[in-house]
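Residue numbering for the sequence shown follows UniProt numbering, beginning at 1 and increasing consecutively.
All C-beta atoms, glycine included, are put in the ideal place defined by N, C-alpha and C.
Below is one structure, written out as structure tokens; the observations come after it.
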Amino acid sequence: MNTLDYWRNSLADADRMNPNFDKMKKKAIIIDLDNIMTGVVPNKTTEKLFGDKYKNNQISLIEVLLCPIISYIKKEHSRNKGNHPETLTPLWIPALLNKNGQLLVATKKVPWIPRDYLDPCLSGVYPISTLSAVDQFLTEKPFKFEMWKDYWSHTVQMFTDLTDSDLDGFEHEQYSRTTESYIMLNEQISGATTAVQMLYDHIRENKPTTALLKHFASIDAPPQQIAKTLEESYKSSSRHFGQMGQQFPLSLSQRESIHNWFNIENGELLALNGPPGTGKTTFLQSVISTSWIEAALNQSEPPIMVVSSSNNQPVTNVIESFAKIQEVPHPLAGRWVPQIEGYGSYLAASSKKDKELKTHWQTIKMDSSGKKNGLLASIENLDEVSKAAYEYLEQATRFSGIQFVKVEDVVAFLHQSLVNCVSRLEQIMDSYSQLLQIEGEFNNKYPEGVAVFKKQAEEQIHSYRLELKSTEDLEAECNDYLNKWPFKWFLFIPIVRKIKDERVRKFLESKEIPDIASEDELRTYFHNTQANQRQAISNIEGNCRVAVEDEQQLSLCRQSLDQYRNQMVEDILMYFPDDEAQDKLTGDTLALLDRTLRYEAFKLAVHYWEGRWILETRDMLGDPNFKQTKGINSQQKLWRRYAKLTPCFVTTLFMLPSFFKAWQGSDQYLYEFIDTLIIDEAGQVTPELAGASFALAKKALIVGDILQIEPIWNIPFAIDGGNLLTYGIINNEQDAFEFREKGIMASSGSVMLGARRKSKFSLSNTEGGMWLVEHRRCVPDIINYCNELAYYGRLQPKRAALSTYHLPHMGYAHIPGEANRKSGSLYNEIEADAIVSWIHRNQDLLIKPYAKDESNSKCIDEVVAIITPFYQQKKLLLDKLARTGLKAMKNITVGTVHALQGAERPVVIFSPVYNAQFTSALFFDAGVNMLNVAVSRAQDSFLVFGDMPIFDSAANTPSGLLARYLFASEEQEIRNVEMPLYFKTRLALPVDHIQDLEGHRTILTNSIRTANREVHIVSPFLSSNALDADELKVVCLEAIERGVKIVVYTDEALNKRHGFLLPHFIKAKEMLSAWGVQVVITKRVHSKALWIDKDMLIEGSFNWLSAVRKPNSQWCRYETSLIFRGDKVNEMIEKIKEDLEKRMLVAQK
């Protein structure tokens, strides 16, 4: 399969792009940089590199690698600070070497900067450029040279363009540059993905039948089936046996998703789109516990369930969640085997140090011989198993009240208890299904309700009875008329008969009776009419009786189900006495089952499997012929045995192939042995890393979000397109652009993106799988932004808004800093300083809402995190936090969006770094992902500290939408921000400061009164309330009458709500214009300033013509402004005016 070849070699390419020089140095040879530049290698070096091949006339060229720059780690007290690689090798050049010592250009190979040094990355080495910059260079300036001189020049140009440093002047903060350069053979490089590559090789060589891998790796996607809705799939709930926790039930979208999961067969997969805070972990626990229970019911072997991802963070998040299931004091709570905690085992790399592993992870390690070590292996001896058996019997006796002496009896008892529990669950589900069916039929039959039906029936009966009475009366009248005919004895005479018939006809016409030919017909008419009317009455009365019966049947079904519900509510209240379940006696039956019988079934299965493990391990240890080997059967038995204690195994995709491998003369992988492979955070997983592991599983559940953190791709798109062409996956390089959407590319794909196309079920033809939509992490104000930005309103905020909170949920502080470039990245020291200073000064304010009491308070690093797009800013922030000297400040999480992967904080501060002078597109506007991740990591408050004019509320970009949320209200501005570094950059130093509301109001009024020529006021917000409160009308009129020019600069965009200008803004403009004040409309102005003539300038946080004039307002005590005077003030004013002129839209008089 071409895709497997492509994926395998993409991993090899990625390893080659991250060579470990410290390991390779033994075979490397020092060479002068001049030799590399000229392309001539000394003879002795050439002979040494060729070795025995030098005398082989059939070999004239060998592949080599050149390393022109070598830097060694800077050490403190002879120690490597940060445990970074000893050597930094920022540039690698592939080449060919002939026997004459000439370096030649290697066709289709290009020089590279190691991927670990390119942002985004997770290594501790400060990046020297970005992957996107590499991609852009190779696309715009490809390597198409034949001569070494040109090749070398282009290499130098690439390095200079990408690192902002020439080759000779390159320095790195963490490393010391040397004069060394090296040359070595270009041999296969083993890296982190070696185990995965070995699995690919085994698949390609042995060609096992692996339906799931074939499905996932195929280029084309089969038609998806539309998923069943919750209403259509409720019968599948009878297959939902277990819940690991008792406290919370599944949400509606979780339930809908698990019902569809039950219809996934071997060789198929389900994509589950799970945005943050929507309950992915709870869903996984439900899937895994149900599989475990099903196997216990069948008394078969336990399923092998593996959760994996691309790095340790999501993996450890999962193992933590499985280890810390919240259990109440329940008779079945806890584990009955000593030392076993939680419900997961962590399959760790042998290089993992014990201090990195928590005891409750129940870690399994593998030594160099392939032997499994760890807790589960350590308790498989007769001493531990005997202890476990006695503890198990004691716990079973305590639970059941039966004195057990044999583990076999407990296992049988628990199995029967489980069967009874599930049987009761099924009975309730049958009752529930029957009720739903009857309710459905009842509602269809009586769409307006049975009371309305009865009332209408009574009205119809009454109407028919009136009609019947009328018919009977008419019949009597007709009979009376006929009987009164005086000549009835002469009716045999034709003329008499004719006269009578004519008179009868006219009589009948007068009574609106249809044509009747004879008296016999008349009698028949009355008989039939009355019979029909009586039948109609009888039918309606019958329908009423049926309606009563239907009501009774529905009532009986409801009563039957209510009995079950009441019992389940009582069970819940036993352990959660304050639970709201007592108000839900007629509530969600399925939710009640989640918290009672499904939890009970899981715990019974837990202890059933514990007993099975004890018995199997006892028998294994007692078998004199038993020997644990690395063979396939032995390894499969080992995993099934371990699975009796932990229903879930968790590991990274780098380690997965190594653990599920046997040895029978050669490596033999356990193909299709894993019952369910779960890829978590699949939106961050590259397809080539995960692809091979699909061969080890029967079916897969792919969980992630393509709108959150993207993978750290290892290969530039410009190179990846060539690889697709090489392996015959595309016909020309242009096809690569269209191929991106398939999700299988190493430079732009992800497992989640691919799985959305391959998912068996999807909510619609465009949804790409199932969705979890109930969001419980963030306050509504925050998640509403993400909803509008990325999710098209799909997410349903379930967390209540905070009635009182000390910060805006979406807020900002205007920091007019200056962005500078360094090593391909940006930093803004004024911005970083303001952020750290604000956190430091406001620690108590930030921590207070999260302190349960004085003795149980959170630290600031548990409350606040800082996200920035640039690694140089991250470094600067960390340095300034460390300088505070406070451990908690130093421990604050700072970094790119990857720093908060799978985590969140109550308050997240975003440092954008850019300043208003940047004209290029903002990095975080390249897609929705970065700001979606950054904002959704904040639980209560997302704050932007930066130069706010970079956020254009009129722009149709992620930052433009963010601007509309941030600037929705003047109250969302953070004003107690100090910026000492900013004021140090000013031409003059402040001579005074204003720190309260009255001080600002007084100086505003006095400035207008004492001005000689002009007064300029920069007030982004305007409010007629402020103008009235300060009584500015008289002051302004007097000044203008003296000839003073008053100019007010404001921003309409900040004074809009829902696209309309605010009334108090419109009124303020009208008032100012009427007074003779010139109002200048600007765009993206956030600075607040006031200057008088050319003598005095005031800058700060006070909104001069809009700030709240109430002294008790939360921000009034934080308003601060600085006063500048002196000979440099005029120059400062001119710079402000110059910036305002650039932003001026219209001047109003």
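For the putative contact between residue i and residue j, defined by C-beta atoms under 8 Å, what is the C-beta separation to the nearest angstrom?
| i | j | result |
| --- | --- | --- |
| W148 | L104 | 7 Å |
| M305 | C648 | 5 Å |
| I830 | I847 | Not really, about 26 Å apart at Cβ, beyond 8 Å. |
| V863 | V897 | Their Cβ separation, rounded to whole angstroms, is 19 Å, which puts V863 and V897 out of contact at 8 Å. |
| G370 | W663 | 6 Å |
| A605 | I540 | Rounded, the Cβ-Cβ distance is 55 Å, inconsistent with contact. |
| G743 | P687 | 6 Å |
For residue i, is the classification buried or exposed, using 16 other Cβ atoms within 10 angstroms of its Cβ as the cut-off for buried?
| i | result |
| --- | --- |
| T586 | Annotation note: pLDDT 44 at T586 (below 50); position unreliable, no value reported. |
| T1120 | buried |
| E234 | The residue you asked about is not Glu; residue 234 is Tyr in the sequence shown. Flag for Y234 reads buried. |
| P68 | buried |
| F918 | exposed |
| Y805 | exposed |
| L295 | Note on identity: in this sequence residue 295 is Ala, with Leu being the wrong assignment. When all chains shown are included, A295 counts as buried. |
| P711 | buried |
| S60 | exposed |
| Y200 | buried |
| Y792 | exposed |
| R756 | buried |
| Y346 | buried |
| Y390 | exposed |
| S251 | buried |
| S78 | Caution applies to S78, whose pLDDT of 48 falls short of 50 and renders its modelled position unreliable; the value that the coordinates give is listed next. Label assigned to S78: exposed. |
| L382 | exposed |
Sort out for me which residues DSSP pairs residue i with in a bridge.
| i | result |
| --- | --- |
| G622 | For G622, which the question treats as bridged, DSSP gives no partner whatsoever. |
| M1060 | The question names Met, yet the displayed sequence has Phe at residue 1060. Beta-bridge pairing links F1060 to R1057. |
| R883 | Answer by DSSP bridge pairing: none, since R883 is not bridged. |
| V703 | L272 |
| F910 | I867, V944 |
| A1089 | V1018, E1099 |
| N820 | Y827 |
| residue 1150 | In the structure as shown, the chain begins at 1 and stops at 1149. Residue 1150 is therefore absent and cannot be evaluated. |
| L814 | Correcting the residue identity first, residue 814 is His in this sequence and not Leu. In DSSP, H814 forms a bridge with G946. |
| M1144 | T1082 |
| I309 | The sequence given here has Ser at residue 309, not Ile. According to DSSP, S309 bridges with T652. |
May I have the straight-line CA-CA distance separating residue i from residue j, to the nearest angstrom?
| i | j | result |
| --- | --- | --- |
| F737 | I729 | 13 Å |
| E356 | T194 | 23 Å |
| S237 | L590 | 8 Å |
| E232 | F761 | 14 Å |
| F775 | F870 | Note on identity: in this sequence residue 775 is His, with Phe being the wrong assignment. For H775 and F870, the distance between alpha carbons rounds to 29 Å. |
| V1079 | V1048 | 5 Å |
| M17 | V125 | 15 Å |
| M1050 | S1106 | According to the sequence provided, residue 1050 is Thr. The question's Met does not apply to it. Each residue's Cα considered, the two are about 10 Å apart. |
| D680 | N543 | 56 Å |
| I428 | S253 | 22 Å |
| K758 | I219 | 10 Å |
| E475 | I516 | 13 Å |
| R975 | N1055 | 18 Å |
| L1032 | P912 | 38 Å |
Is the shortest distance between the beta-carbon of residue i and the beta-carbons of chain D less than 7 Å?
| i | result |
| --- | --- |
| V337 | No chain D appears in this structure, which consists of one protein chain only. |
Alpha helix (DSSP H) runs wholly inside the region 751 to 791, at least 4 long, in chain order: If only complete runs of 4 or more residues are kept, the region 751 to 791 shows the alpha helix (DSSP H) at 751 to 758, 780 to 786, in order along the chain.
Alpha helix (DSSP H) runs contained entirely in the region 996 to 1039, provided each spans 4 or more residues: 997 to 1010, 1024 to 1029
Start-end ranges of the alpha helix (DSSP H) lying completely within the region 656 to 693, minimum 4 residues: 656 to 659, 687 to 690
Entirely enclosed beta strand (DSSP E) segments - the region 926 to 998, minimum 3 residues: 938 to 946, 992 to 994
Any alpha helix (DSSP H) of 4 or more consecutive residues that is wholly inside the region 277 to 307: 280 to 297
Unbroken stretches of the beta strand (DSSP E), 3 residues or longer, contained in the region 162 to 246: 175 to 177, 182 to 185
Every unbroken alpha helix (DSSP H) within the region 455 to 531, with a cutoff of 4 residues, ordered by chain: Fully enclosed alpha helix (DSSP H) runs of 4 or longer: 494 to 510.
Complete runs of the alpha helix (DSSP H) confined to the region 351 to 402 [at least 4 residues]: You should have 375 to 378, 382 to 400.
Start-end ranges of the alpha helix (DSSP H) lying completely within the region 31 to 116, minimum 4 residues: 33 to 38, 43 to 50
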